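The numbering used here puts the first residue of the sequence shown at 259, with every later residue one more than the last.
Some notes on the structure that comes next.
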Amino acid sequence: MTNEASAQFSERGFLVLPGFLSTEQVAGLNKAVDDSLTSRPEDWWRLSDSFRQAPNVLPWTDAFDFAIEQRPILDLVEHWFGEDVSFEEFSILIRDPTENLSEAKGWHRDITRDYSRRAEIDAVSLIYLLTDVGEDDHCFSVIPGSHDGLLHLRPNEHKAGEEVDILGPAGTAVLFHARCLHCGKLKPKGRQRRSLHIYYSRANGPRTSEWTDIPERLSAKTDPLLPPRLYSKWNSTDVFDGTGKKPRDLPAGLTMAETLSEVQRRAREESARV
Ligand SMILES: O=C(O)CCC(=O)C(=O)O
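Okay, structure coming up:
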């Protein structure tokens, strides 16, 4: 990864890398998504008619491991943090065609919706597009600089046109700071969009999300080519108090979907607080 890419990431808070994955890699990842949908439907959570997500698939497949372990991305993330990095979360997202264009997940920062704690957001997210995203498709959109120079911005406070819509062919990688304001924009003619969402943070910090179990296959790895503490948080109980923390006060026996719905409800409540 060039110094130029690193400087761009620091200044704008995101970086778009078209053609990062090969056609074969994208096909393999889409097959793994299909397999998850058919063989483990219970891992999928539906937030709205256009939004499906599976945040805990790693225990049942190794098909996504290489996507987490891309050295050029890890180099950049290590450079950004300037210390050992850790893997935090892996999630598959599907945005389906819909007539209901009101976005359930509007402008937000990740990790915490508490505006007063936005400077504490300390994670970087890697997105892979697994389908082509053109102008008419649902897209990820981000406000440049809202992780740093525009950190004062509240959700929906930016000027119209200040955001950048991320379009690109399948195989595009997008790295963004979780502190950047972003949203998923729905389009009336949007085709199904599939993406993978991976989070990294500091190995020395708290875990920023406990929604993804890190299986022993990964935590036991001793690959000298990987950051030494990449999977070190597999058993961490020190979890940042935000959207990545499973509520401790819910009744036992809730399904993953019910738990996640409650977390989303609390996150919306949190963002509405002044
Ligand atoms: O890409 C999308 O549709 C929304 C993704 C999002 O909001 C997130 O990654 O936090």
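Beta carbons are placed, not taken as given, at the ideal position from N, Cα and C, and that holds for glycine.
Just so it is clear, the structure is predicted and the values come from calculations on it, not from any experiment.
Measure the C-alpha to C-alpha separation of R329 and N288 and round it to an integer number of angstroms.
21 Å
Reduced DSSP secondary structure (H/G/I, E/B, other) of V335:
helix
Measure the alpha-carbon distance for L433 versus C441 and round it to whole angstroms.
14 Å
Cutoff 7 Å; reference S494; Cβ partners in own chain excluding five residues on either side:
R465
6 Å Cβ shell around W365 - same chain, five flanking residues per side excluded
P413, N414, L439, C441
I'd like to know whether the C-beta atoms of Y373 and S453 end up nearer to each other than 8 Å.
no
Any idea what DSSP makes of E347, helix, strand or coil?
strand
May I ask whether a heavy atom of ligand 1 can be found less than 7 Å away from the beta carbon of G442?
yes
Reference R310; option with closest CA among A321, I424, D320, V291:
V291
With a CB to CB cut of under 8 Å and the five nearest residues on each side skipped, what residues in its chain are close to P505?
T517, E520, V521, R524
Through-space distance from R376 to L409, alpha-carbon basis:
8 Å
Close-in-space but distant-in-sequence residues of the same chain around I369 (CB under 7 Å, 5 per side omitted)
I379, A381, A436, T466, F498, G500, T501, G502
Between which two residues does the alpha helix (DSSP H) harbouring R270 extend?
261-270
When the Cα of N462 is compared with those of F324, T296, L332, G340, which residue comes out closest?
G340
S404 and G511 look like a contact to me (Cβ under 8 Å); what is the Cβ gap, rounded to whole Å?
39 Å between Cβ atoms; not a contact.
Own chain residues within Cβ distance below 7 Å of G266, not counting five before or after:
The sequence shown places Gln at residue 266, not Gly. Within the same chain, Q266 has close Cβ partners L273.
Closer than 7 Å: D368 CB and nearest ligand 1 heavy atom:
yes
Should S453 be counted as a contact of ligand 1 given a C-beta to heavy atom distance under 7 Å?
yes
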